[in-house]
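Colleague: Quick one: structure below, then a few questions.
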Amino acid sequence: MSSERKAAARQRRGVWALGAFAILYLVFLYLPVLFLPLFSFNDSRFIAFPLQGFTLAWYEEMLADDAMLNALGNSLQVGISVAILSTILGLLGAKAVTRYAMPGKEAITAFIMLPLFIPEIILGISILILWSALDFPLSLMTVAMGHTLICVPFAMAVLTSRLDGFDQSLEEASLDLGENAWMTFWRVTFPLVMPGIASSLLLTFIVSFDEFLIAFFLSGTEPTLPVFMWSELRFPSKLPRMLALGALILLASCVLVVFAEWLRRRGVSDAERGGGYGIT
Amino acid sequence: MSEQAYIDIVGVTKRFAGGVKAVDNANLGIKRGEFFSLLGPSGCGKTTLLRMIAGFEFPSEGEIRIDGQNVEGVAANYRPTNMVFQSYAIFPHLNVRDNVAYGLRKDRLSRSELNKRVDEALNMVKLQGFGARQSSQLSGGQRQRVALARALIKRPKVLLLDEPLSALDKKLREEMQFELRQLQQNVGITFVFVTHDQEEALSLSDRVAVMFSGKILQVAGARQLYESPSSRAVADFIGSINFFPGVVKGIEGQEIVVEAEGLGLLRAPIAAGTGGASFKPGSAILVAIRPEKLSLSVEPPPGNAITVKGTVLTSAYLGDRSHYHVRIPGREAPVAVSGTQSARSLDVLHAHGTDIYLSVSGSSVILLPPD
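If you read the sequences in order, they're chains Y and F.
Its first residue numbered 121, the first sequence is counted upward by one per residue in the numbering used here.
Its first residue numbered 1161, the second sequence is counted upward by one per residue in the numbering used here.
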């Protein structure tokens, strides 16, 4: 009897410890992030407690800072192009490796995935050397190309898993019912892979948007937002408006993540409704 | 192949990467309006042959003609065939109505005409009122009906069915077999049906092609396949059977005299399922006897049936019939016997190990070339 009670007590303690750990973990993870919006409303140029009162001044300053908005614009431009380009490339690659038998398929896949495992600083420097050797001017385009290199593996991974679990006879059925390959893609493959395409777009956009090293080496005179922020950190007076911008980006990413998760879940329940076609 | 054949498969071979022959020199003529089955164990090439008719695979050699047209190089979307897939391949993002209407986009029908066609198709498979359902809300049997309606609405010349019943439970499968047969008779379309289930093939089809490792072994109706198989493989695959290796002793008029393992000298009419093989005295032969053609008796049976003495090793009561294993001298493997009502009394009369007489009439004996 008593040993049973001891075991129960031990189990209760275990649950308690696990709960405490989880809370500590979340605090550790998110507390620093929460300082960002907190201090962005603080009425003081110095990032220090105690808080000095509420202000929207930093947000006004941010909106007036053309260089910063310009950098934000650059980042959006690069991020959107990279998301679209790498998702298209990833979709083609994923379709090829999941639908066609070809020699050296594993090797090709590994080769496409390789940039994930090369330190970005190495990639950044190598690409920089390449462009200087070719006398190619650095611009947002060179940044976007560098980002595409590291984003295609993400797109491939997301889309391959989606296409892999996809009953191939669905595409055959469409052909059999008289549609050609393009209409089959449009009427069957695309709607079923749509949630995967959306997650790929979001994921690759975010990877590009916050990438620093490659952008630092390749951006030339047009900085992306991370590069711009890094260069502005030297001026303490400009820090609060960066907190304001950071807070807004944080909010936007939260909205994006929730949206992406909603899309993914909708995809999963589609697959469940599909009754075992296993669309992941 | 023949003039009346609607689907002509002439010398078709399909080689896959690595040189594996999935289909090996297949020759076949399927008639218009026929319910034709391709039957064989998994991996025998029946699905590959079906997929070549559909246009999903292309022959490495030979040609396929549908209604007199060589379909070489014609893609699936231009063939007058439609297919019911093993997985049914119901589009999960579309409801029943849109699934059924999928193939009509190019026909550019008016809305009322389209609705009429879809309703007709749904009626045909008894799915009236299911149009708005999502595919996830359908049972296995209903999915199968949607797949049928979706294919038939195209008014194909040939409907191809790839093991369409294998995913259903036994009771539903029997129901659907019956309905499929009725449907085929109503629409009058040529059905080509792939299955590994011999009972299904025999009960549904006008004719069956039995396939083994890429080769078509025999094409015949159900009765002929069962009563006169042309080879050991077919005899073995369709139903159960006992094989007795033997030697031809002589030919006397319409009768052949054979010395077979455990049976001794026996006489059988040559017409009895010789499978077209010509037997010469001294050559090896295979005597095959179905378990239900054998009878057991306590006394030697009257008349001139082939009779040997044996002992019952095991018996199993199966309700409508009983199964016995009988040991006969001169043969190692026991002989399988299946008896109906009349043989039942033996269960009571004879414990295992008693002597009984095993007999079969000469006309029930199947004579096959050795392997």
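Even glycine gets a Cβ: it sits at the ideal position worked out from N, Cα and C.
Being a predicted model, the structure only gives us computed values, none of them experimental.
Sort out for me which residues DSSP pairs ALA1420(F) with in a bridge.
Modeller: Position 260 of the second sequence, counting from 1, holds the residue named residue 1420(F). Answer is GLY1406(F), GLY1424(F), bridged to ALA1420(F).
Colleague: Would SER1202(F) pass as an interface residue toward chain Y - the criterion being a Cβ-Cβ separation below 8 Å?
Modeller: Along the second sequence, read from residue 1 onward, the residue named residue 1202(F) stands at position 42. False, the Cβ-Cβ gap to chain Y never drops below 8 Å.
Colleague: What residues in the segment 1244 to 1257 of chain F bring their beta carbon closer than 7 Å to a beta carbon of chain Y?
Modeller: PHE1245, SER1247, ALA1249, PHE1251, PRO1252, HIS1253
Colleague: Starting from the N-terminal side, write out each stretch of the alpha helix (DSSP H) that is 4 residues or longer and does not extend beyond the segment 1270 to 1355 of chain F.
Modeller: For the segment 1270 to 1355 of chain F, whole alpha helix (DSSP H) runs of length 4 or above, ordered along the chain, are 1271 to 1284, 1300 to 1312, 1330 to 1347.
Colleague: Do the CB positions of LEU1340(F) and LEU1364(F) come within less than 8 Å of each other?
Modeller: Here residue 1340(F) is taken as the residue at index 180 of the second sequence, counted from 1. Here residue 1364(F) is taken as the residue at index 204 of the second sequence, counted from 1. In this structure, LEU1364(F) lies closer than 8 Å to LEU1340(F) by Cβ.
Colleague: Using the Cβ count rule (16 or more neighbours within 10 Å means buried), how would you classify LEU205(Y)?
Modeller: Here residue 205(Y) refers to the residue found at position 85 when the first sequence is read from its first residue. By the 10 Å Cβ count, LEU205(Y) comes out buried.
Colleague: Report all residues from its chain with a CB closer than 7 Å to the CB of VAL1354(F); omit the five preceding and five following residues, and keep chain order.
Modeller: One-based indexing of the second sequence puts residue 1354(F) at position 194. Answer for VAL1354(F): LEU1198, LYS1206, THR1207, LEU1210, LEU1321, ASP1322, GLU1323, listed in chain order.
Colleague: Using a Cβ-Cβ distance under 8 Å, would LYS1453(F) count as near chain Y?
Modeller: Looking up residue 1453(F) in the second sequence gives position 293. No, no contact with chain Y.
Colleague: Can you list, in chain order, the residues of the segment 1171 to 1187 of chain F whose Cβ is nearer than 8 Å to any Cβ on chain Y?
Modeller: ALA1177
Colleague: Which residues, in chain order, does the segment 218 to 243 of chain Y contribute to contact with chain F at a C-beta distance below 9 Å?
Modeller: Listed by position along the chain: ALA221.
Colleague: Kindly list, in the order they appear in chain F, the residues whose Cβ is closer than 9 Å to that of ASP423(Y).
Modeller: Residue coverage of chain Y in this structure runs from 121 to 400, which leaves residue 423(Y) outside it and unanswerable.
Colleague: Report yes if the C-beta distance between GLY1413(F) and LEU297(Y) is below 8 Å; otherwise report no.
Modeller: Against the second sequence, residue 1413(F) aligns to sequence position 253. Against the first sequence, residue 297(Y) aligns to sequence position 177. Not closer than 8 Å, so no.
Colleague: How big is the Cα-Cα spacing for SER339(Y) and TRP178(Y)?
Modeller: On the first sequence, position 219 is the one that residue 339(Y) refers to. On the first sequence, position 58 is the one that residue 178(Y) refers to. SER339(Y) and TRP178(Y) have their alpha carbons spaced roughly 27 Å apart.
Colleague: State yes or no: is the C-beta of THR1471(F) within less than 8 Å of the C-beta of ARG1487(F)?
Modeller: Translated into positions along the second sequence, residue 1471(F) becomes position 311. Translated into positions along the second sequence, residue 1487(F) becomes position 327. Yes. Within cutoff.
Colleague: Examine the ligand ZN and report whether any of its heavy atoms sits within less than 7 Å of the Cβ of ALA142(Y).
Modeller: Although the ligand ZN was asked about, the structure shown includes no ligands whatsoever.
Colleague: Closest by CA to ARG307(Y), which one among GLU1273(F), LEU1254(F), PHE1195(F)?
Modeller: Position 187 of the first sequence holds residue 307(Y). Closest option to ARG307(Y), Cα to Cα, is LEU1254(F).
Colleague: Can you tell which of PHE1290(F), VAL1285(F), SER1299(F), GLY1399(F) has its C-alpha closest to the C-alpha of ARG1305(F)?
Modeller: Start at 1 with the first residue of the second sequence, and residue 1305(F) comes out as number 145. Per the Cα distances, VAL1285(F).
Colleague: In chain Y, which residues lie less than 9 Å from ARG1310(F) when you measure between Cβ atoms?
Modeller: In the second sequence, the residue the question calls residue 1310(F) occupies position 150. Result: ALA293, LEU297.
Colleague: I'd like to confirm the pairing. Which residues does DSSP put opposite ASN1255(F) in its beta bridges?
Modeller: The count along the second sequence starts at 1 and reaches residue 1255(F) at position 95. Partner(s): GLN1294(F).
Colleague: Starting from ARG1383(F) and walking both ways along the beta strand (DSSP E), at which residues does that stretch end?
Modeller: Counting from 1 along the second sequence, the entry for residue 1383(F) is found at position 223. First-last for ARG1383(F): 1382 to 1387, but that is the alpha helix (DSSP H), not the beta strand (DSSP E).
Colleague: Residues of chain Y with a CB under 8 Å from the CB of LYS1314(F): which are they?
Modeller: Mapped onto the second sequence, residue 1314(F) falls at position 154. Correct list: LEU297, GLY298.
Colleague: Nearest to PRO1529(F) by alpha carbon, out of ASP1515(F), PHE1251(F), ALA1393(F), LYS1375(F)?
Modeller: Residue 1529(F) sits at position 369 when you count from the first residue of the second sequence. Residue ALA1393(F) is the option with its Cα nearest to PRO1529(F).
Colleague: Between which two residues does the beta strand (DSSP E) holding SER1498(F) run?
Modeller: Reading the second sequence from its first residue, position 338 is the one you call residue 1498(F). Per DSSP, SER1498(F) belongs to the beta strand (DSSP E) from 1495 to 1499.
Colleague: Which residue marks the beginning of the alpha helix (DSSP H) containing LEU297(Y), and which one marks its end?
Modeller: Residue numbering aside, residue 297(Y) sits at position 177 when the first sequence is read from its first letter. Note, LEU297(Y): premise wrong, no alpha helix (DSSP H); not H, not E.
Colleague: Rounded to whole angstroms, what's the CA-CA distance from LEU1312(F) to PHE1176(F)? Just pull it up for me.
Modeller: As a first step, residue 1312(F) is located in the second sequence; it is residue number 152 there, counting from the start. As a first step, residue 1176(F) is located in the second sequence; it is residue number 16 there, counting from the start. Cα to Cα, LEU1312(F) sits roughly 31 Å from PHE1176(F).
Colleague: At what residues does the beta strand (DSSP E) containing ASN190(Y) begin and finish?
Modeller: Residue numbering aside, residue 190(Y) sits at position 70 when the first sequence is read from its first letter. Membership of ASN190(Y) in any beta strand (DSSP E) is not indicated; the residue belongs instead to the alpha helix (DSSP H) covering 186 to 219.
Colleague: So if I threshold CB-CB distances at 7 Å, which residues from the segment 1263 to 1282 of chain F count as touching chain Y?
Modeller: Of all residues in the segment 1263 to 1282 of chain F, GLY1263, LYS1266 have a Cβ within less than 7 Å of some Cβ in chain Y.
Colleague: For ARG76(Y), does the count of other Cβ atoms within 10 angstroms reach 16, so buried, or fall short, so exposed?
Modeller: With chain Y covering only 121 through 400, there is no way to say anything about residue 76(Y).
Colleague: Is VAL308(Y) close to chain F? Criterion is C-beta to C-beta, closer than 8 Å.
Modeller: Numbered from 1 along the first sequence, position 188 holds the residue referred to as residue 308(Y). For VAL308(Y), the answer is yes, since a Cβ of chain F falls inside 8 Å of its Cβ.
Colleague: Output needed for GLU1232(F): all residues of its chain with C-beta closer than 6 Å, excluding positions within five of it in sequence on either side, in chain order.
Modeller: For the purposes of this step, residue 1232(F) is taken as residue 72 along the second sequence, with counting starting at 1. Cβ neighbours of GLU1232(F) beyond the five flanking positions: GLU1223.
Colleague: For ARG1367(F), which residues of its own chain have a beta-carbon under 7 Å away from its beta-carbon, when the five flanking residues on both sides are left out?
Modeller: For this step, residue 1367(F) is matched to residue 207 along the second sequence. The residues are GLU1194, PHE1196, VAL1379, ALA1380, GLY1381.
Colleague: Buried or exposed for PRO315(Y), please, with buried defined as at least 16 other CB atoms from any protein chain shown within 10 angstroms of its CB.
Modeller: In the first sequence, residue 315(Y) corresponds to position 195, counting from 1. Under this definition PRO315(Y) is a buried residue.
Colleague: Which residues of chain F have a Cβ atom closer than 7 Å to the Cβ of ASP287(Y), listed in chain order?
Modeller: Numbered from 1 along the first sequence, position 167 holds the residue referred to as residue 287(Y). What ASP287(Y) touches in chain F: SER1247, ALA1249.
Colleague: State the DSSP-derived secondary structure class of ILE270(Y), mapped to helix, strand or coil.
Modeller: In the first sequence, counting from the first residue as 1, residue 270(Y) sits at position 150. The answer is helix: DSSP assigns ILE270(Y) an H, G or I state.
Colleague: Checking 8 Å against the spacing of the C-beta atoms, do GLY1145(F) and VAL1407(F) come in under that value?
Modeller: Because residue 1145(F) is not part of the residues shown, which for chain F are 1161 to 1531, the question remains open.
Colleague: Between LEU250(Y), ASN162(Y), THR280(Y), MET349(Y), which lies nearest to VAL217(Y) when the distance is taken from Cα to Cα?
Modeller: The count along the first sequence starts at 1 and reaches residue 217(Y) at position 97. The option with the nearest alpha carbon to VAL217(Y) is THR280(Y).
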